[in-house]
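All remarks here apply to the structure that follows.
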Amino acid sequence: MKTNKYVEDLKAKTAQELQEELTAAKKELFNLRFQNATNQLDNTSRIKEVRRNIARIQTVITEQAGK
């Protein structure tokens with residue numbers, strides 16, 4: 346499944362790489378919201394997908410911090 350592969354890739358990354366990925370995802374979410382507000386966004390389901398990816402990244406960061 347696509348999601349499981351993404352989570353496995355996240356777990357293989359270092360804490361610094363995860364922070365960079367989180368920052369990039371938050372910037373993408375901001376841009377998507379901005380596009381949505383100005384009626385320029387065609388694929389609105391991308392917002393939901395990016396929000397979930399942010400949650401996945403944060404979960405992996407928390408798991409690694411607990412080790």
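Each residue of the sequence shown is one higher than the one before, starting from 346 at the first, in the working numbering. Note that CB positions come from ideal geometry on N, CA and C, so glycine has one too. If you're wondering where the values come from, they're calculated on a predicted model, not measured in any experiment.
Asked, Found
"DSSP state of Q385, grouped into three classes?", "coil"
"Within 10 angstroms of its Cβ, does E408 collect 16 or more other Cβ (buried), or is it exposed?", "exposed"
"Tell me where the alpha helix (DSSP H) around T407 begins and ends.", "S390 to A410"
"How many angstroms separate the CA atom of R391 from the CA atom of K412?", "32 Å"
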